[in-house]
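Peer 1:
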Amino acid sequence: MPTEPASVELGDDLALLGLLQLVSPALPIGAFAFSQGLESAFELGWVTDEATLGEWLEGVLEDGLTRCELPALARLHVAWGKSDVAALDEWDTWLAANRETAELAAEDSRLGASLSRLLGSLGLLPVASALPANAGYVTVFAWTAYARGVSTRQTLLGFAWAWLENQLAVACKALPLGHTAAQRLVERLRPALVSAVDEALMLEDDALGPALPGLALASALHETQYSRLFRS
Numbered sequence: 012m013p014t015e016p017a018s019v020e021l022g023d024d025l026a027l028l029g030l031l032q033l034v035s036p037a038l039p040i041g042a043f044a045f046s047q048g049l050e051s052a053f054e055l056g057w058v059t060d061e062a063t064l065g066e067w068l069e070g071v072l073e074d075g076l077t078r079c080e081l082p083a084l085a086r087l088h089v090a091w092g093k094s095d096v097a098a099l100d101e102w103d104t105w106l107a108a109n110r111e112t113a114e115l116a117a118e119d120s121r122l123g124a125s126l127s128r129l130l131g132s133l134g135l136l137p138v139a140s141a142l143p144a145n146a147g148y149v150t151v152f153a154w155t156a157y158a159r160g161v162s163t164r165q166t167l168l169g170f171a172w173a174w175l176e177n178q179l180a181v182a183c184k185a186l187p188l189g190h191t192a193a194q195r196l197v198e199r200l201r202p203a204l205v206s207a208v209d210e211a212l213m214l215e216d217d218a219l220g221p222a223l224p225g226l227a228l229a230s231a232l233h234e235t236q237y238s239r240l241f242r243s
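Going by my numbering, the residue at position 225 of the sequence shown is 236; the numbering climbs one at a time, nothing skipped.
#1: Under DSSP, the alpha helix (DSSP H) around N109 begins and ends at which residues?
#2: Would T260 and A227 qualify as a contact pair, given that the criterion is a beta-carbon distance under 8 angstroms?
#3: Given this structure, state the Cα-to-Cα distance separating T59 from A90, to the nearest angstrom.
#4: DSSP on T104, reduced to helix/strand/coil?
#5: Can you give the Cα-Cα distance for A139 and Q165, rounded to whole angstroms?
#6: Do you know whose CA, among L219, A182, D74, T150, lies nearest D95's CA?
#7: How is T77 classed by DSSP in three states: helix, strand or coil?
#8: Among Q236, L214, R199, whose alpha-carbon lies nearest the alpha-carbon of E61?
#9: Does DSSP put M12 in a helix, in a strand, or in coil?
#10: Return the CA-CA distance between L64 and T155, expressed in angstroms with no decimal places.
#11: Jot down the residue ranges of each uninterrupted alpha helix (DSSP H) in the stretch 41 to 86, minimum 4 residues, whole runs only, in chain order.
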C-alpha cells in the first residue's frame with residue numbers, strides 16, 4: 012500500500028478540511044441569497060450567456076476582488092496572527108467604506124453576523140475585545156481561516172473560489188446557465204483566481220481600491236428591480 016510523504020502532517024490536513032468547511036456552499040450563513048448585482052446584470056441584458064458571464068466575472072475579479080477583498084483579507088489574516096486590534100479595525104472599516112450600495116453593505120454585514128453566530132455556536136469566536144464591532148464577512152472569514160491554521164495564500168484562494176462558486180450558482184438559477192457551462196467557466200477562470208491572488212499579495216496599500224462602476228450601478232438598480240430571486 013502506498014504511504015503518504017513524510018511532509019504531509021496532521022495539521023496540514025486539518026487546515027485543508029477547515030478551509031473546505033469554510034468555503035462550502037453548505038455552510039449555513041445564507042450566502043446563497045446574494046448575487047452581488049449579478050441578477051440585475053441579467054435583467055438589464057448586460058450578461059446574457061456563458062461568454063458574457065465569463066467576461067463579467069473576469070472584470071469583477073480583476074478590478075474588484077484583486078484590489079479590494081483579497082488584499083484586505085491578506086492584511087486581516089496577518090493582523091489576526093499578530094493580535095493587532097488597530098489593524099483589524101482599520102481594514103474592517105476600509106472594506107465597509109468600499110461598499111458602494113446599500114445592498115452590498117448589507118450583504119457584507121449580514122454574512123459577517125451570520126458567520127459570527129455560527130462560530131459562537133461552535134465555540135470558535137475570538138476574544139470579544141479583538142473582533143471589531145459589527146465585523147464584516149471578510150474580517151470574520153480571515154479569523155476563521157487563521158484559527159483553522161490556514162495559510163494566508165490558501166485563505167485568499169479559498170475566498171476567491173467561494174466567490175466564483177456563488178456567482179456560478181446564481182447564474183445557474185437566474186440566467187439560466189447549464190451546469191456543464193458553469194464547469195467550463197470554472198476551467199476558464201481557475202488560472203485567473205491564482206493570478207488574482209498573486210497580484211493581491213504584491214499590492215501596496217496605496218494601490219488598493221475597487222473600480223467597478225458597472226457592478227455598483229447594477230447593484231443600485233437591483234434595489235428597485237420588480238422581480239428578484241436574490242437579496243443583492
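Glycine included, C-beta positions come from ideal geometry on N, C-alpha and C.
Peer 2: Reading from the atomic positions:
#1: From DSSP, N109 is part of no alpha helix (DSSP H); its letter is neither H nor E.
#2: Summary: the structure shown does not reach residue 260, with the chain confined to residues 12 through 243, and so no result is reported for it.
#3: 41 angstroms
#4: helix
#5: 26 angstroms
#6: T150
#7: helix
#8: R199
#9: Bear in mind that a pLDDT of 35 at M12, under 50, signals an unreliable position, so the model cannot answer this.
#10: 30 angstroms
#11: 49 to 54, 61 to 74
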